[in-house]
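Engineer:
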Amino acid sequence: AKWTDFMIGQILMNSIKYRNGNPCLKICGLQNANSVTLILEDNGIGIPKKDLGRVFEKGFTGENGRRTAKSTGIGLYLCKKLCDKLNLGISIASTENSGTMVSLVFPKSNMYL
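Everything in the sequence shown is counted per this note's numbering, starting at 298 for the first residue and increasing by one.
(1) Below 8 angstroms, how does it come out for the segment 384 to 403 and the segment 330 to 342: are there three or more Cβ pairs, yes or no?
(2) What residue range is occupied by the uninterrupted beta strand (DSSP E) comprising Ile324?
(3) If you run the structure through DSSP and keep just helix, strand and coil, what is Ser332?
(4) Could you tell me the alpha carbon to alpha carbon distance between Arg351 and Trp300, rounded to whole angstroms?
(5) What does the alpha-carbon distance come out to for the pair Thr308 and Leu373?
(6) Can you round the beta-carbon distance between Leu322 and Ser391 to whole angstroms, since I take them to be within the 8 angstroms contact cut?
(7) Beta carbon of Ile342, beta carbon of Asn361: below 8 angstroms?
(8) Among the residues of its own chain, which have a CB less than 8 angstroms from the CB of Ser395, if the five just before and after it don't count?
(9) Apply the 10 Å Cβ neighbour rule to Leu385 and answer buried if 16 or more other Cβ atoms are within range, or exposed otherwise.
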């Protein structure tokens with residue numbers, strides 16, 4: 298539970314850090330046959346297309362991160378590493394100047410049913 302809290306906190310902090318004039322955050326869950334997906338979507342500055350494929354790399358800050366002195370390139374890297382360890386899925390989609398959507402996929406198992 299504490300690692301899930303960390304990941305959600307990191308994603309929320311990124312939404313705050315890279316917000317636009319009228320920030321809006323949508324959080325929803327989708328239940329599928331074998332998983333539950335938590336979706337966190339903002340209307341922030343978005344991630345440039347050229348940077349999107351590298352956001353989970355250790356130390357990668359990208360164009361937006363270089364504009365922000367507090368960016369380390371460690372947060373999303375740690376989220377990806379934790380998801381790998383916990384057998385969770387993580388994906389990110391973004392459009393520059395429109396926002397970013399991060400999805401965390403929690404597989405269902407007999408332990409939770």
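Ideal Cβ placement from N, Cα and C applies to all residues, glycine included. Note that this is a predicted model, so its numbers are computed, not measured.
Structural biologist: According to the structure data:
(1) yes
(2) Leu322 to Gln328 is the span of the beta strand (DSSP E), which, as asked, contains Ile324.
(3) Assigned with DSSP and collapsed to three states, Ser332 falls in strand.
(4) Whole-angstrom Cα-Cα distance: 22 angstroms.
(5) Thr is not the amino acid found at residue 308; the sequence shown has Ile there. So the alpha carbons of these two residues sit roughly 8 angstroms apart.
(6) With 8 angstroms as the limit, Leu322 and Ser391 do not qualify as a contact, their Cβ atoms being about 14 angstroms apart.
(7) yes
(8) Asn340 and Gly343
(9) Buried.
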